[in-house]
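Engineer: In UniProt numbering, the protein residues as written are 1 to 282.
Next up is a structure, given as structure tokens.
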Amino acid sequence: MSRDIKKYVFSCQSCQRNKAMNQQSFGQLQSLAISKERWERVAMDFIVGLPTTTAGYDSIIVFIDRLTKRAYFKPAKFQITAVDTATIFFETIFRHRGLPRIIISDRDPKFTSLLTYPITPQQDTSQTATDFLNDMQQNLEAAQNSISNTLLKQAKYYNKKRQAKQFQVGDCVLLNTKYLTFKFDEQKLPRKLRPKYLGPFKIVNKLLPLVYELDLPQNLKIHPIINTLSLRPFVSTPEEFQQRVIKSVNNNHIKRWDISCLTGEIVVTLETRQTQTILKYS
């Protein structure tokens, strides 16, 4: 009986869509790979919401080398386009550092430009350069070990509040609506009364350990690539509970009361001055 009750409760589709998940969030930290060379991996992002300068700039675009943490800062505008972003990148990074192998950024439309991978062979037969490279190799190994240990410690503390959850292609999941801004409710309900999850949606592809592609309807108009943090496993209704009936609230059957105030007196205490009122329900 206990097993049937749990199955009945966990398979309630209305509860899955509208109730908050009281478990630890899915998705453990996936640390980025350590760069072997300077400016091999470049992270880029925007700092927005700054006061507007006389030249019309209100943002800063930041380029950071993942290995040395050296950064370049360039003024920009909030309405900058992808072409302008690529132009700043080539003038700032490519001109002095060459084209990196990997560029890390968010899915902002400003970063949707096509870049190629460079091939830059280098040769040096100098004995002094050879000794320098040998010493540098040892220093790089020590630095990489230090960075690796830092990433492991970071993941250790981050994963204390996360649980490892891997979905498979073909699984049905629910999509969290916390960070969605589209209008999916025709009744125009307040956000607190809207479903906390949408779905179920089918997983059609697994791109990374924590990134999945969902089969979303076209009317949602959102990107189908979703992180596991925004997903929740969907539990289908078992055959023995197919006749489940979900009751709806009918405001017409709510009993109403006429309230009238009889007396009101002020009660003075040491801390507050409160008013106590006697009410009559009819």
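All C-beta atoms in this analysis are idealised placements derived from N, C-alpha and C, irrespective of residue type, glycine included.
Could you work out which residue in 29, 53, 227, 70 is closest to residue 44 when comparing CA atoms only?
Structural biologist: Among 29, 53, 227, 70, the Cα nearest to that of residue 44 belongs to 70.
Engineer: Let me know the secondary structure DSSP gives residue 84 once reduced to three states.
Structural biologist: Of the three classes helix, strand and coil, the one that applies to residue 84 here is helix, per DSSP.
Engineer: Consult DSSP for residue 208 and reduce its assignment to one of helix, strand or coil.
Structural biologist: The answer is strand: DSSP assigns residue 208 an E or B state.
Engineer: Between residue 213 and chain D, is there a C-beta pair that is closer than 9 Å?
Structural biologist: In the structure shown, chain D does not exist; there is a single protein chain.
Engineer: At the level of alpha carbons, what is the spacing between residue 230 and residue 34?
Structural biologist: Their backbone Cα atoms lie some 27 Å apart in a straight line.
Engineer: Excluding the 5 residues flanking residue 211 on each side, which residues of the same chain have their C-beta closer than 7 Å to its C-beta?
Structural biologist: Once the five neighbours on either side are set aside, the close Cβ partners of residue 211 are 225, 227.
Engineer: Compute the Euclidean distance between the alpha carbons of residue 8 and residue 170, then round it to the nearest angstrom.
Structural biologist: Whole-angstrom Cα-Cα distance: 23 Å.
Engineer: Checking 9 Å against the spacing of the C-beta atoms, do residue 46 and residue 92 come in under that value?
Structural biologist: For residue 46 and residue 92, no; Cβs fall outside 9 Å.
Engineer: Can you give the Cα-Cα distance for residue 200 and residue 24, rounded to whole angstroms?
Structural biologist: Answer to the nearest angstrom: the Cα atoms are 20 Å apart.
Engineer: Relative to the alpha-carbon of residue 160, which residue among 50, 12, 27, 6 has its alpha-carbon at the smallest distance?
Structural biologist: Of 50, 12, 27, 6, the residue nearest in Cα terms is 27.
Engineer: Would you give the residue range spanned by the beta strand (DSSP E) that residue 59 belongs to?
Structural biologist: Its beta strand (DSSP E) spans residues 59-65.
Engineer: Mind checking residue 65: buried by the 16 CB within 10 Å criterion, or exposed?
Structural biologist: That one is buried.
Engineer: Are the beta-carbon atoms belonging to residue 50 and residue 61 less than 9 Å from one another?
Structural biologist: It is not a contact, given that the beta carbons lie outside the stated cut-off.
Engineer: In whole angstroms, give me the CA-to-CA distance for residue 203 and residue 223.
Structural biologist: Their Cα atoms are separated by approximately 13 Å.
Engineer: Is the beta carbon of residue 365 less than 9 Å from the beta carbon of residue 10?
Structural biologist: Absent from the structure is residue 365, since the part of the chain shown begins at 1 and ends at 282.
Engineer: Which two residues bound the contiguous alpha helix (DSSP H) that contains residue 10?
Structural biologist: Residue 10 -> alpha helix (DSSP H) spans 2-10.
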